Structure formats: structure tokens, C-alpha cells
């Protein structure tokens, strides 16, 4: 049974690795809270070719798995800045930034402070 | 408001720079006693808005006035401290204690004991171990007493067995699983819930409606899954002792340990005994059986996070003995004689089950799971002169693969399952033997738009040697039009073979003749399988009122039987089983309000309306012994923790409306029952004193107002006569009962 399982696992994984359909990337995306997390992940997933997105509130690291045949990192970054979040080397426009919820204004020191000290969740 | 506060906060701290200052440094307390400065800790004068935040090196400076005496230091994840300032010129150094090294009770107290998901597409309630502690006793069948979605009532006046109902349908229509492996089924249907001790259960998930296709085709009214304690999460050592005024004694002991880096194991032992004869109502029959049970489980858990494997292996053994009947019955001399009416039920059960799960560390959405379970259940019993033996050997296996289509909004689950059941029954003098087996494949698609909508659509196709080749579709969806709300809708089909004797063992404690009206194509005791569709809608709304949280829920479910095995009790001299098509239904409406009135005080109110009708050969009737109206109230209060200790109080009130008795018109006048039972009101209460995270004592009462059904058994004057019947039970038989118990644990 275990052997069968291993064979199956190998089959499945080798199948998905044979083409560069599951490229991995890690981006630094600015944000402060769970609402930001939802927004960042949603924007990533909704971008064409992105299969998986997980953003960490503490480290600001966005882990991505995407299909290189359908998209590239630049396109993904664009969809993230479009919803108002700065990516390491790409800034969101003021207009996009202002569209995020008040409590998510990650460029504002006071708001960052509130999140850090637990005055905002 | 928060904004305003901050502007104030900042302007005040800027304005006051000209004044005298006090300086200090904040550190983090840790086990290695290293001095780690804490960045970003809040420091402010008590009862003022004058404060600051520590810098990178943990340093801060605060304006000082001689009216300021105490500084408050706080930081998320740390315990808040208040420091008295005596000499403002001296720099302050202070270390904060991380909350993780504090009592875990603090975290638990913030969690709701029972919670409904706002996100899941299925109408699922999660019952945590906190809720299970509210009903201090003792096994799974008793643990639903604080949950209004499930009704608990006595099956008969003899065996003391509790029966559960959901949406007005009895437990055979509910898929009851342990860690997603269907367990309480077949031979275990009547007493199976009493074979899982309450302390072994970590949490319970109750799903109303059709449920997922992954665990099989049998569920009709809903699914109940109990997660057992895990060796890596449970206490190292756990002890529970319980004693009740009825002289029921219970003992639970858990021992968990890590064996190697990847393997952990736990041993769980349960014993209960009750050897005192009670006959409060003076009818010559015991109010509750004499019994004892030994139940042992050994779990092995394998965890390999690096490679993404997690597995469980369980071995379980159960030995249960019950004796009941007339007070003067002695099994040694009176067994299967007419000296006195008595009954003995002996059950032995072995379980072996395993699970292996694999999560691809590279592709987190991909996982594989294998479940395997083998069990052997043997019950030898007699009730008066009627003998009933059953041996049930069962194999269950399920292989599940989950992944995504295009991206993680589209999830799929697919797999195959195989089941085998061998039944060998002796019903009085007739032998029934049968083998059931099935092979099935399932596919479930889950869509989540990450906002307002998610849905689960599944189907399975099974090939069963008796049920044939059939498709089971199930569908669930959730829509959230505004904040804190969830509209849900579901429909699904279920199909099952009715094990008429195992599921209706209370028939043996009657003088009724067994009458099976066979169908032409019936293959299971001459009967056809049961088929039903379940439809449901529900609405959940969370709210904040006076700064406290609450939620209100409404749900309506309808079960339509396409083909039902009717259990007909309407002739007092017989019990009949027959198939009826397209005529029976069960409607259930429930509304529930949960509100946290004050900090620590939770209340729950529920009202339920059932309209369950069965078309008998003699015409359509309301299902017997099912209250149409039910009201439920529960309040629990926990005091704040002081010096590691606290009090917890819990009260539950139940009101059951009148219940229809099966017809007794054919009986002589003194053996007749009225058409309806009286209403029933019961109150349970419990107090727990937590002395420390390690030790707590609880005491409580069940049925405090001492409500009793005066004459639960019909024909006690002649138990071997034609009017003997113990199934007319609508309320408690034994009056109030008090208990005391203790729990001791070492993490």
C-alpha cells in the first residue's frame, strides 16, 4: 500500500514538475493586517496563471506558485500594486493606495503602530 | 474614534516634552536569561493618555509629573505589567513575561465553546472540548445534552440507552464517524454512542443536511464526526474520576508520550460500573441497568513535517456488560426462564484503524489520504425469553486525493472507497446472515471566490451487491451578502440498508410479534433499501450589541423519503416493517440565539419545530414519541482567572412539548395509553472549580426538579403476558441525580 502511495505521489509530482508550470517566487509586499492579507492574496490569485498565494503579516513575505507559461512575476506584481500594495521594487499609485481601507494604510506610521501594539487587529 | 484617540495621544506626548523626563528600558523575559530588548512595547502612565513606545533598543522616555505614580508596560504576546515609580531620576529597567509561558486557560477562555463557521459552505457546528465538559458525563451519547441541534432521549425503559435524533430522524439516518471513519453503524447502532468515552473526544463537528460525499452515501439527516484526542496535543497525563448519587462510578486515564522524533503514542483507558439496584417508581423493574465497561485504546501518531507525512494507527478493545429487568431477577437461575423477567447484553468489540496523510511540501494544495478500518462487533443478549445475537465484521477503506484546478479558488477532492460488512444475526430462533460490499468513486468540486460565495458540489457512484449501482449527488453553498452573515442552501441524496433488528433493539423488550412484510425485490430481510432526499436552507447573522458578541441562526430542513423502511408500532401487539414509497417526510425548523451578555456569561436559546409524518398502512400519522415543539436554554458563566483559579457555572433547561404515543387502542382498557404524553421540563446544572491548570473539581445535578415518568413500562404485572411493553418512554425514568468528579492533568 505504501509503495503504491509513493508511486502515485511520484507520478503526480513529476507530472507537475516536468513543465515549468509550478514556478515558485517570494515577494516582499507591504501591508499591515489580516484585511491586507486577504486583499493581497485575492489580487494574486485573481491574476492569470497564479495558483497559490500566501502572505505573512509579520514578515511581509508573499509566497507564490504560478505557471510561467501563462504569466510572469512582473504581471503579478502589477496586479498587486493595482489594489494598492507596494511590492519591493514597484510602488502603488496614490490613487490605488487610497482605495484601501483606512485601517490598512500601511504607509502611515501611526497606523502601523496601532497594528503592532494590538490597538487594531 | 480610534483615530481621534491617536491624534490626542500624539499631540499630548509632543506637547509635554518640555517637562521633566523619566527614562527606562524594556526587556523580554526568556528562559536563557539573555537580555533581549523589546522593540515597540507600549509604555504609559496609569490612568492617563500619556505614553510612548520603546525604540529598537527597548529604550523609552516619558514626561514626568509628580502626580504620576505608576507606569503600565504592555506588548502583544506579553503579560501587561504595572510598575510603581518611586524615584523618577533613576532609569527603569523591566522585563515582560511572554504570555505563552502563562497558563493556557487564558487562551481557552476566549474561544467559544460551540461555534458555527461563517465561511464553510456546509452548515457545520464545531463543538469544542469545553462544551463537552459542560455535560460532565460520560460518553458521546450524553455529550449532546447542551446542544439544541441534537435531541437525546431514552430508547426504552429497560436498557437505559439514550438515542439521538437530528432533524427529527433517529441516529441510523445520521452518519456518525470517528475521525471521518463511519463507526456507529450496523451492529453498533443501538449502543455505539455509549462506547466512546467523553474524555477521549477532542471536538465534534455536527453537519446538518446531506453532508459531503467523501465519507459515503449513507447519511441522510446529517453527519456527526468526533475527533479523538491526539497523542501530540493531549495532556501527558490526564485523570478523571466521576461518582454519581446512583452509585455510578467512572474512571478515565490518558497517558501520552513522545517515543521518538516522529512517533508519539497515547494510551486511553476507560472503566465504568454501576452495581446498585434502583426502583424509584416501584414497578418491580430496575430504573437503570446494572453495568460495567472496560474500554482501552492505544493510538500511535506519526509526524514528519519535512516530508509532509502524518499518520495515525489505533487499536481499540471494548467489553461492555449490562443486566436489567425485574429487581429480583438473578441471571444464574432465571436466565431465559419465566421465573422473573430479565435481560443481559454482552458486547465485545475490536477496532483497528489507520490513517496516512501526505501533503506535498512543494505544492501545498496537493494531498493524499488513505483511511483504513477493521472492526469486529459481537453482541450476545436476551430480553426475557427473546434471544438476540449479532456479530458484525466490517472493513472500510477510503483513498482521497485533493488538488486544485487552475488556482486555489477551485479545489477538487476525488477518490475511491471500498466497504465490506458481514452480518450474522440470531433473532429468537431465526438466523440471518448476509454480506454487503461496495466499491465506489467520488468527486467533489469546491469553489471559493474569496469573498461572498463558496459552493461544494459532489457526486459519488457506488456499486453495492444489494443496493445496486447508484449515484449520490450532494450540493452545498454559502452566500454572504453583508458583514457577519451566511445564507446557506443544500440538497443531497442518501441511500442505506436498514438493519431493522440492530436499530430497533427496544422491540425485544416488548411482547410484540415481529412482522416483516417483504417487498418483491427486497434483499435485506426481504426489504428494499431506503432512499431519501434532504433539502435545507439556513441563515446565520452575527451581531454586536452593547459591545458584546452574539449570533442568531434560522434553519429549515426537509427530508423526503423516496423509499422508507417503515417501523410500525401502531398495533400494540406487533411491530411491522415494510417498504413504503414517496409518502414520508420530516420537516424541521430551528432558530437559535447565542449572546454573550457580559464578559464570561454566555447564553443560548433555541426553539425547534418538527413535523415528521410517516404514511403507515393504516394512514398518515405523526411520528410517535417525537415532540413537535421544543425549547432549550443554556447559560454558562466563568469568573475571571485569579491566581490560576476560577469558577465555572452552567445551567441547561429543556422543555419538550407533548409527544404522540403509538396507538394502544387494541389493548384492554387498563393497558391503554392516552393519545399524547404530558410535557416535560428538565433542568441540569453544574459547577466547576478550577484550582489550577492541573486540577479541577466539578459537581452537578441532572434533572434537578425531579421530573419522572410514573409508569414507563406497560404490563409489569405480567411481563410474559401479551401486553408487556417498555417502549412508551417520553421522559426521565430515574429522578434527579447528583454527581461529583475531578480532573487532574499534567501537560
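Chains as they are written, first to last, in our numbering: chain A, 1071 to 1191; chain B, 9 to 755.
Beta carbons: idealized from backbone N, C-alpha and C, even for Gly.
Note that the structure is a prediction, hence the values are computed from the model and not measured.
What did DSSP end up calling residue 21 (chain B) once you bin it into helix, strand or coil? Confidence in residue 21 (chain B) is poor, its pLDDT being 43 and thus under 50, which makes the residue's placement too unreliable to answer from.
What residues in the region 307 to 333 of chain B bring their beta carbon closer than 9 Å to a beta carbon of chain A? none
Mind pulling the chain B residues with CB within less than 9 Å of residue 1121 (chain A)? 371, 373, 412, 414, 415 and 416
Check for me: the beta strand (DSSP E) holding residue 1167 (chain A) runs from which residue to which? First-last for residue 1167 (chain A): 1164 to 1168, but that is the alpha helix (DSSP H), not the beta strand (DSSP E).
Indicate whether at least one CB of chain A lies closer than 9 Å to the CB of residue 749 (chain B). no
Given that residue 1186 (chain A) touches chain B, what residues does it touch there, using C-beta distances under 7 Å? 48
Can you confirm whether residue 36 (chain B), when its beta carbon is compared against all beta carbons of chain A, has any partner nearer than 9 Å? no
How should residue 443 (chain B) be labelled, buried or exposed, when 16 other C-beta atoms within 10 angstroms of its C-beta is the threshold for buried? exposed
Selection from B:407, B:651 and B:544 that minimises the alpha carbon distance to residue 450 (chain B): B:407
For the beta strand (DSSP E) holding residue 124 (chain B), just list the boundary residues, first then last. 122 to 124
Distance cutoff 9 Å, beta carbons only. Does residue 1086 (chain A) sit that close to anything in chain B? Residue confidence for residue 1086 (chain A) is low, a pLDDT of 48 falling below 50, so the modelled location carries little weight and cannot support an answer.
Spatial neighbours of residue 495 (chain B) in its chain, beta-carbon cut-off 6 Å, leaving aside the 5 residues before and after: 487 and 547
Could you tell me which uninterrupted beta strand (DSSP E) segments, each at least 3 residues in length, are contained entirely in the region 484 to 530 of chain B, listed from first to last along the chain? 493 to 504 and 521 to 525
Residue from B:188, B:56, B:254 and B:270 with nearest C-alpha to residue 224 (chain B): B:188
Who are residue 304 (chain B)'s beta bridge partners in DSSP? B:277 and B:325
Residue 1092 (chain A): contacting residues in chain E (beta-carbon distance under 9 Å): Any reference to chain E falls outside this structure, whose protein chains are A and B.
Where residue 1112 (chain A) meets chain B, residues with beta-carbon distance less than 8 Å: 458 and 459
Does the CB of residue 1115 (chain A) have a neighbour CB from chain B at under 9 Å? yes
Does the distance from the C-beta atom of residue 1153 (chain A) to that of residue 1160 (chain A) stay below 9 Å? no
Nearest chain B C-beta to residue 1135 (chain A) closer than 9 Å, yes or no? yes
Exposure of residue 1088 (chain A), with buried meaning 16 or more beta-carbon neighbours within 10 Å: Here the model assigns residue 1088 (chain A) a pLDDT of 48, short of 50, so the residue's position is not dependable, and the following value carries that caveat. Residue 1088 (chain A) comes out exposed.
Going along the chain, which residues of the region 56 to 75 of chain B sit with their C-beta nearer than 9 Å to a C-beta in chain A? 61
Where do the N-terminal and C-terminal ends of the alpha helix (DSSP H) with residue 1145 (chain A) fall, by residue? 1143 to 1152
Cα-Cα separation, residue 1100 (chain A) to residue 1124 (chain A): 13 Å
Flag residue 1183 (chain A) as yes if its beta-carbon sits less than 9 Å from any beta-carbon of chain B, otherwise no. yes
On the premise that residue 601 (chain B) lies in contact with residue 613 (chain B), defined as a C-beta separation below 8 Å, what is that separation, rounded to the nearest angstrom? 5 Å
Just the Cα atoms here: how many angstroms apart are residue 483 (chain B) and residue 353 (chain B)? 41 Å
Note down, one range per segment and in chain order, each beta strand (DSSP E) of at least 3 residues found wholly within the region 389 to 473 of chain B. 394 to 413, 415 to 435, 438 to 456 and 461 to 472
Within 9 Å, strictly: CB atoms of residue 334 (chain B) and residue 395 (chain B): no
Helix, strand or coil, according to DSSP, for residue 71 (chain B) in the structure here? strand
When we look at the beta-carbon of residue 361 (chain B) and count the other beta-carbons within 10 Å, is it buried (16 or more) or exposed? buried
Which two residues bound the contiguous alpha helix (DSSP H) that contains residue 79 (chain B)? Segment 78 to 82 is the beta strand (DSSP E) holding residue 79 (chain B); no alpha helix (DSSP H) there.
Between B:162, B:691, B:68 and B:299, which lies nearest to residue 736 (chain B) when the distance is taken from Cα to Cα? B:162
Measuring only between beta-carbons, confirm whether residue 1124 (chain A) sits less than 9 Å from chain B. yes
On the three-pair Cβ rule with 8 Å, is the region 514 to 532 of chain B touching the region 445 to 461 of chain B? no
9 Å is my cut-off, CB to CB: does residue 1063 (chain A) come that close to chain B? This structure cannot speak to residue 1063 (chain A), because chain A is shown only from 1071 to 1191.
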